[in-house]
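What follows is a set of notes on a single structure, which appears directly below.
In the working numbering, the protein residues as written are 35 to 225.
This is the structure:
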């Protein structure tokens, strides 16, 4: 009985010592919905996925030598329900996410009518979705979705509203962002 207690106590001490050595060499970091194990000495990161560790690839520099340094401006988009309105999308990749800004103008006309319209809460709000596709036409990532009435107004020096804008961020891998070749527009809830 004494030997058994000694073995159990020895195993507990060994386990605690090993855990302390591991915790001294690693940090556990939570980022959004993901948890990472970071090696303090090397900077190597591993994603903790349930009971497994998944290696995280380091960003590879682009041709300019710095990954994703400048924002990408996409071709203007339009929708049939807002005559004359152009949607301008700019994106940038940073810290595991696609950052996006959308500007829509001119404000006067159809865009202003939709923005100022009052509807019962049971009616679907006018919404625009910008979807990114790779060069073979496959949709990548989640659509950039925004409600017209949630836009911030941009005014000129005369305090006249010129356009609406929205911004946000969505999780995305670097490879997925690099593969984005064109944008397509969908919408619902108008008229």
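Think of the CB as a built atom: it goes at the ideal place given N, C-alpha and C, for glycine as much as any other residue.
Query: In the DSSP assignment, find the beta strand (DSSP E) that holds residue 205 and state where it starts and stops.; Result: 195-205
Query: Just verifying my parser: in three-state terms, what is the DSSP assignment at residue 120?; Result: strand
Query: Which term fits residue 69, buried or exposed, when burial requires 16 or more other beta carbons within 10 angstroms of its beta carbon?; Result: exposed
Query: Quick one: is residue 125 buried, meaning 16 or more other Cβ sit within 10 Å of its Cβ, or exposed?; Result: buried
Query: When you compare only the Cα positions, how much space is there between residue 99 and residue 215?; Result: Legend: pLDDT at residue 99 = 42, less than 50; position of this residue unreliable, value from coordinates given subsequently. Each residue's alpha carbon lies about 20 Å from the other.
Query: For the stretch 198-210 against the stretch 75-89, are there 3 or more C-beta pairs whose distance is under 8 Å?; Result: no
Query: Between which two residues does the alpha helix (DSSP H) holding residue 212 run?; Result: 208-213
Query: Using three-state DSSP, classify residue 148 as helix, strand or coil.; Result: helix
Query: At the 9 Å Cβ level, is residue 141 part of the contact set with chain C, yes or no?; Result: Absent from the structure is chain C; it holds one protein chain and no more.
Query: In this structure, how does DSSP classify residue 175 when only helix, strand and coil are distinguished?; Result: strand
Query: Give a yes or no on contact between the stretch 143-153 and the stretch 203-210, applying the rule of three or more CB pairs nearer than 8 Å.; Result: no
Query: How is residue 182 classed by DSSP in three states: helix, strand or coil?; Result: helix
Query: First and last residue of the beta strand (DSSP E) that includes residue 69?; Result: 68-73
Query: Name the DSSP bridge partner or partners of residue 135?; Result: 124 and 201
Query: Please report the residue range of the beta strand (DSSP E) in which residue 161 lies.; Result: 161-167
Query: Note down the Cα distance separating residue 151 from residue 113, rounded to an integer number of angstroms.; Result: 18 Å
Query: Could you give the residue range of the beta strand (DSSP E) that holds residue 218?; Result: 216-222
Query: Output the boundary residues of the beta strand (DSSP E) element that contains residue 61.; Result: 60-65
Query: For residue 13, which residues from the same chain have a beta carbon less than 8 Å from its beta carbon, with the 5 sequence-adjacent residues on both sides left out?; Result: For the chain, the structure presents residues 35 to 225; residue 13 sits outside this window and is missing.
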